[in-house]
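Under this note's numbering, the first residue of the sequence shown carries the number -11, and numbering increases by one thereafter.
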Amino acid sequence: MIVMSNDCVPVPNRLRELLSRWDAEGRQPQGGIGWNRSTWLASLTEHQDLLAELPDRLDRDHVTDRGRRADEGEDEAIQAFVTAMVWGYGRVGYGAFRTTRVLRENDEAPRVLREVALRTRRDGGAEAFEWLKQHRLRYLGVSFATKYLFFCSDAEAAPALVLDRRVQRWLWQHADCHVSLDWNVKDYRRYLCLVTTWGRELNLRPDEVEYLMFADDGWQQVTAQEVSEESDEFAVLDALDEAAAAFAALPGDIHPNDVDDFELGVRQLRRIVLARGFARRTPPE
């Protein structure tokens, strides 16, 4: 993977276009995310009170209110985590299963989630991300871990921003910047620094820059061929994620080692897909 300095990545034209459109629309916030309450209630029976009081459409402000309390105690951290996962997965059918697996198969989850919330609010996202890499919770990947960090963050600390496949794709397409979703601390620091630099130039907060990338629904800056090629690659990655979740959710007893072996194979396939796409976009020397 090529490491690019922030000086080599000017503000993308696409980001300026998104900001102009957002300004013209009155800088409307992201709307609420719909979710399937019955699925979550069936999976996380011990959190029925929390799930029952969440609105039908969950917005960032509501999740942030929970995240701000995540450092107050382990129960508060778990509630903030569940709320962030509901928002992050939305209507994705396997979201409740994945969240349940993180909480039930990591005895230290309450302690780790509270501690990383403390570190996020005190030290900022990069430091918290590095600590969480060293104290990882099984089955919690970068995409959803950074969603939790984002909602636990404090405006006075260094930013903690979401880095998921949607943001990764945007950076790839519009800034020719390649960042990993494999707990690469250097990549996450570089991403935070890059977004902060762009925000400073555009007079935006880092989280506003991340939101514009996340909410981008256009492909105006790429050719039709590039759209087809990149859509195919990310469709394969999404399908691999769904396959891993579907395997783990099969009825009957599945040995944990079988789940681990299956997910190891999926991770190897992801690397092949990403390497193929990166090689295609890298000009010959």
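We put the CB at the ideal spot given by N, CA and C, even for glycine.
For residue i versus residue j, is the C-beta distance shorter than 9 Å?
i	j	result
L106	L120	no
Q67	R86	no
V(-1)	W186	yes
K70	L46	Note that residue 70 is Val in the sequence shown here, rather than Lys. No.
D152	L169	yes
F132	A72	yes
Q36	Y199	no
G76	T27	no
H123	E96	yes
D164	V(-3)	yes
F275	R79	Residue 275 falls outside the range modelled here, since the chain spans only -11 to 273, and no answer is possible.
What does residue i pair with, by DSSP beta-bridge criteria?
i	result
R45	G22
Would DSSP call residue i helix, strand or coil?
i	result
E214	Model confidence at E214 stands at a pLDDT of 40, short of 50, so the residue's coordinates are unreliable; what they give is reported in the following sentence. Correct three-state label for E214: helix.
Y179	helix
A145	coil
G187	helix
Q161	helix
E118	helix
A97	helix
A58	coil
D274	A query on residue 274 cannot be resolved here, the shown segment of the chain reaching from -11 to 273 and no further.
S219	The predicted model places S219 with a pLDDT of 48, which falls under 50 and marks its position as unreliable; any figure quoted below should be read in that light. S219: helix per DSSP, three-state reduction.
E64	helix
N172	coil
E13	coil
V(-1)	coil
D204	coil
H123	coil
R153	helix
G253	helix
Y82	coil
G112	coil
L38	helix
L32	coil
H166	coil
L91	helix
Would you mind giving the Cβ-Cβ distance between residue i and residue j, rounded to the nearest angstrom? I have them listed as a contact below 8 Å.
i	j	result
V261	V224	5 Å
R109	S141	7 Å
G113	L182	Going by Cβ atoms, the distance from G113 to L182 rounds to 13 Å, so no, they are not a contact pair.
L7	L190	6 Å
W158	M201	4 Å
A65	L101	4 Å
T88	P147	About 29 Å separates the two Cβ atoms, so there is no contact after all.
K135	V155	At roughly 11 Å, the Cβ-Cβ gap does not stay under 8 Å, so K135 and V155 are not in contact.
R2	H162	4 Å
Under 8 Å: does the beta carbon of residue i sit that close to some heavy atom of the ligand ZN?
i	result
G113	Among the components modelled here there is no ligand, and therefore nothing to report on the ligand ZN.
- Query: Is it a yes or a no for the segment 19 to 27 touching the segment 57 to 65, going by three-plus beta-carbon pairs under 8 Å?
  - Reply: no
- Are the segment 35 to 42 and the segment 124 to 142 touching by the rule of at least three beta carbon pairs closer than 8 Å? no
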